[in-house]
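Notes to accompany the following structure.
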Ligand SMILES: Cc1cc2nc3c(=O)[nH]c(=O)nc-3n(C[C@H](O)[C@H](O)[C@H](O)COP(=O)(O)OP(=O)(O)OC[C@H]3O[C@@H](n4cnc5c(N)ncnc54)[C@H](O)[C@@H]3O)c2cc1C
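Numbering (my numbering), first residue to last: 3 to 470.
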């Protein structure tokens with residue numbers, strides 16, 4: 003499937019600019035290169051200069067914009083906080099960037115319907131704090147939750163650490179209101195927790211990465227807030243022992259809220275910037291969280307420790323309640339910055355494999371690093387088989403750059419051979435677009451192209467991204 007860029011407008015004309023000036027008066031339109039540059043990059047470290055940036059304050063402006071863009075065949079690239087890891091918000095194929103960050107109201111949080119209505123620009127952690135005040139819980143927790151938005155999370159179907167027990171963003175989206183090319187509004191789903199009338203357009207929007215419509219409102223599902231939580235950290239002398247410990251937890255009938263893992267390369271990186279609690283020679287660390295009612299939790303922690311002890315950890319630490327848990331989770335958050343101790347550049351892949359294949363997967367990724375003489379750190383959401391594979395190298399060294407690319411492709415091949423996926427949560431965007439056909443069959447891609455054609459017949463929305 004190829005991007006449909008040929009029929010699109012090749013640039014902005016003076017007439018186009020006049021239209022945008024009228025629709026987005028004052029600071030609603032940005033055209034200065036030094037101000038636009040920040041809207042051309044995201045956390046994938048890719049960047050491209052937008053032709054212009056618009057910052058709508060109302061849905062009416064977005065409707066008008068999409069009416070005009072369809073008529074003019076103007077490419078549009080929706081954007082929020084730009085924390086995406088695959089270049090989804092980068093205008094790599096040109097076009098006008100549409101920042102919906104100013105649509106940022108929490109419209110309703112309802113403890114009777116157990117749902118909330120929000121605009122896309124609301125920051126995830128700020129929304130969670132508001133729900134908690136009403137003893138309600140919005141579980142999706144990408145590590146970027148303090149800096150990313152609900153709209154971005156829905157558009158990428160963001161995952162997170164709590165996915166083992168609670169699922170990912172997709173599982174909490176009841177409705178999506180989106181403006182489509184031509185200015186049509188699609189109000190899919192709603193406040194009911196069940197709805198089987200027609201095809202599930204809501205789910206289609208989730209993870210669509212700005213290729214089907216521009217969201218203006220989201221209806222999200224909420225749960226009762228768990229009363230308390232606890233965290234256990236366990237270190238192991240071998241990778242196999244750690245993964246055996248993880249299996250033992252599931253076998254004991256415990257469903258942890260989070261089950262994170264770090265291999266010896268990730269542990270070494272952290273040890274270079276912080277005093278670590280595990281002994282020398284540690285080859286893998288597990289970090290597990292459980293939550294529930296205060297009375298049931300103490301018993302759950304004992305069962306968790308018993309299950310982990312079957313695999314003979316060399317160190318077992320626990321934290322009861324957020325204050326004691328925080329230092330243990332701080333270690334997890336250091337992995338990404340610590341990886342730069344091992345090299346100035348990295349490719350952060352996020353493959354996922356079936357749970358039973360995690361040992362084979364991690365051993366294979368480590369072997370790929372060793373064969374190519376490149377640091378490969380594996381860590382992440384072990385509980386749902388979503389392994390972050392950081393390929394650490396020096397981009398200034400041509401040879402290392404080439405070996406890092408070989409590693410990346412070998413990692414994808416290994417994950418796919420185990421029945422996995424090349425991306426568990428970051429999406430394909432522009433960084434993995436070239437590899438989509440390694441995973442999706444011609445039939446799947448043809449069906450997706452047909453769906454794209456129905457929503458966006460001229461291909462103006464986020465051209466050239468992922469599967470498009
Ligand atoms: C430190 C760090 C940790 C991270 N951890 C995780 C993690 O644990 N799990 C995870 O899944 N991801 C993670 N990410 C990736 C990233 O945070 C998520 O992809 C996030 O959902 C992006 O949100 P955003 O607001 O930054 O959106 P952006 O990056 O601005 O945009 C993301 C996508 O949404 C589209 N979009 C923007 N606005 C709209 C709109 N109004 N309507 C329709 N589409 C739109 C864009 O075109 C783009 O394709 C992490 C990133 C960082 C930097």
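Virtual Cβ for every residue (Gly too), placed ideally from N, Cα, C.
Note that the coordinates shown come from a computational prediction; the quantities given were computed from them, not determined experimentally.
Look at residue i and residue j and say whether their C-beta atoms are less than 8 Å apart.
{"i": "residue 371", "j": "residue 409", "result": "yes"}
{"i": "residue 376", "j": "residue 406", "result": "yes"}
{"i": "residue 89", "j": "residue 157", "result": "no"}
{"i": "residue 154", "j": "residue 93", "result": "no"}
{"i": "residue 413", "j": "residue 342", "result": "no"}
{"i": "residue 299", "j": "residue 234", "result": "no"}
{"i": "residue 64", "j": "residue 218", "result": "yes"}
{"i": "residue 131", "j": "residue 144", "result": "no"}
{"i": "residue 227", "j": "residue 320", "result": "no"}
{"i": "residue 257", "j": "residue 167", "result": "yes"}
{"i": "residue 275", "j": "residue 80", "result": "no"}
{"i": "residue 350", "j": "residue 396", "result": "no"}
{"i": "residue 520", "j": "residue 183", "result": "Residue 520 falls outside the range modelled here, since the chain spans only 3 to 470, and no answer is possible."}
{"i": "residue 379", "j": "residue 293", "result": "no"}
{"i": "residue 287", "j": "residue 340", "result": "no"}
{"i": "residue 118", "j": "residue 108", "result": "yes"}
{"i": "residue 394", "j": "residue 348", "result": "yes"}
{"i": "residue 177", "j": "residue 165", "result": "no"}
{"i": "residue 314", "j": "residue 417", "result": "no"}
Mapping the DSSP letters down to three states, classify residue i as helix, strand or coil.
{"i": "residue 69", "result": "helix"}
{"i": "residue 6", "result": "Its pLDDT being 48, under 50, residue 6 is placed unreliably in this model, and the coordinates cannot settle the point."}
{"i": "residue 269", "result": "helix"}
{"i": "residue 188", "result": "strand"}
{"i": "residue 64", "result": "helix"}
{"i": "residue 80", "result": "strand"}
{"i": "residue 15", "result": "coil"}
{"i": "residue 444", "result": "helix"}
{"i": "residue 432", "result": "coil"}
{"i": "residue 195", "result": "coil"}
{"i": "residue 34", "result": "coil"}
{"i": "residue 176", "result": "strand"}
{"i": "residue 91", "result": "coil"}
Which one or two residues does DSSP pair with residue i in a beta bridge?
{"i": "residue 216", "result": "181"}
{"i": "residue 383", "result": "388"}
{"i": "residue 425", "result": "352"}
{"i": "residue 118", "result": "111 and 222"}
{"i": "residue 242", "result": "Per DSSP, none; premise fails for residue 242."}
{"i": "residue 262", "result": "289"}
{"i": "residue 233", "result": "291 and 321"}
{"i": "residue 43", "result": "49"}
{"i": "residue 151", "result": "125"}
{"i": "residue 138", "result": "226"}
{"i": "residue 252", "result": "Bridge partners of residue 252: none, in fact."}
{"i": "residue 347", "result": "395"}
{"i": "residue 363", "result": "Answer is none; residue 363 lacks a bridge partner."}
{"i": "residue 463", "result": "78"}
Residue i to residue j, Cα distance in whole Å?
{"i": "residue 326", "j": "residue 336", "result": "17 Å"}
{"i": "residue 430", "j": "residue 442", "result": "12 Å"}
{"i": "residue 147", "j": "residue 129", "result": "10 Å"}
{"i": "residue 332", "j": "residue 338", "result": "11 Å"}
{"i": "residue 6", "j": "residue 451", "result": "Legend: pLDDT at residue 6 = 48, less than 50; position of this residue unreliable, no value from coordinates given."}
{"i": "residue 463", "j": "residue 273", "result": "44 Å"}
{"i": "residue 391", "j": "residue 246", "result": "20 Å"}
{"i": "residue 58", "j": "residue 22", "result": "11 Å"}
{"i": "residue 254", "j": "residue 309", "result": "7 Å"}
{"i": "residue 435", "j": "residue 297", "result": "48 Å"}
{"i": "residue 53", "j": "residue 97", "result": "5 Å"}
{"i": "residue 4", "j": "residue 461", "result": "The pLDDT assigned to residue 4 is 44, lower than 50, so where the model puts this residue is not dependable; a value taken from the coordinates is nonetheless given after this. Their Cα atoms are separated by approximately 11 Å."}
{"i": "residue 381", "j": "residue 267", "result": "9 Å"}
{"i": "residue 212", "j": "residue 468", "result": "11 Å"}
{"i": "residue 353", "j": "residue 384", "result": "11 Å"}
{"i": "residue 72", "j": "residue 9", "result": "12 Å"}
{"i": "residue 446", "j": "residue 456", "result": "16 Å"}
Worksheet entry | Complete beta strand (DSSP E) runs within the stretch 275-342 (minimum length 3 residues, chain order) | 286-294 and 317-322
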